[in-house]
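Below is one structure, written out as structure tokens; comments come after it.
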DNA sequence: ACCCAGGGTCATA
DNA sequence: TATGACCATGGG
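Residue numbers (the numbering used here): 83 to 303.
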């Protein structure tokens, strides 16, 4: 089932080439900025940072939080996210940078990331998968919503329970997890609203379209 | 004028 | 442990 949906999505949408960023540090910055935020707005914030020469750890730490907040304003929650970026970057530099983290084992690094105020499970796992190529499945709101509407999940499972479901049902392959999460986001970006209006969403539980074909039908469009 | 977005923290019970 | 409030911009 999990593999079959992946194959359908991949055949329809192709490689997503995630994470969309030029450097490892830019992935981390994007992972924080995209928290509950449309990627379009994150792109603007990152463009500001790039223009100001702020896409590297030292520069982020050297800037007062208030000025950093102004640069990332388009991404929303800018005061909180400015602090979160500095919290994460401070720990990164304290541990010796990306190349030092690359040598950490996955569980230790995950715990370390979760110690950072502003880094929760999804943000930590996004960094583990897309910076360090660790085989952890990233669970986001789309994942929960789509698989609940497909009848695979009930909807109230914990983050870890959902992640474990994917870990158990798929080969533990970081390349597969990378592509799968990207495809889920691609699918979710199209259709899967929290409160779809009747008939609007092919994955909605009340949709007259049969469940077995909904994903395939949608993926063809 | 709503609803929504690639979450997370904190106060409260 | 489990809810709810809060954070905030920009597009549909």
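C-beta: ideal position from N, C-alpha, C; glycine also.
Pair within 8 Å by beta-carbon distance, residue i and residue j
i, j, result
"residue 154", "residue 131", "yes"
"residue 204", "residue 218", "no"
"residue 114", "residue 200", "yes"
"residue 265", "residue 98", "yes"
"residue 120", "residue 147", "no"
Residue of the options minimising C-alpha distance to residue i
i, options, result
"residue 84", "250, 268 and 102", "250"
"residue 276", "111, 223 and 152", "223"
"residue 107", "197, 150 and 174", "174"
"residue 191", "214, 169, 172 and 171", "214"
"residue 172", "195, 187, 233 and 159", "195"
"residue 308", "270, 272, 262 and 271", "Outside the modelled stretch of the chain, which goes from 83 to 303, sits residue 308, for which no answer is possible."
"residue 183", "254, 247, 103 and 210", "210"
Through-space distance from residue j to residue i, alpha-carbon basis
i, j, result
"residue 229", "residue 144", "43 Å"
"residue 207", "residue 128", "20 Å"
"residue 139", "residue 124", "18 Å"
"residue 151", "residue 86", "43 Å"
"residue 135", "residue 243", "40 Å"
"residue 248", "residue 91", "16 Å"
"residue 180", "residue 233", "39 Å"
Limits of the alpha helix (DSSP H) - the one that residue i falls within
i, result
"residue 139", "139 to 144"
"residue 124", "121 to 133"
"residue 225", "223 to 231"
"residue 161", "160 to 176"
Residue i: CB within 7 Å of a non-hydrogen atom of the ligand SAM
i, result
"residue 152", "Among the components of this structure there are no ligands whatsoever, and the ligand SAM is therefore not found."
Supposed contact pair residue j and residue i - C-beta distance, whole angstroms, cut 8 Å
i, j, result
"residue 142", "residue 168", "6 Å"
"residue 95", "residue 227", "The Cβ separation is near 18 Å, so there is no contact."
"residue 241", "residue 109", "Incorrect: roughly 20 Å between the Cβ atoms, too far for contact."
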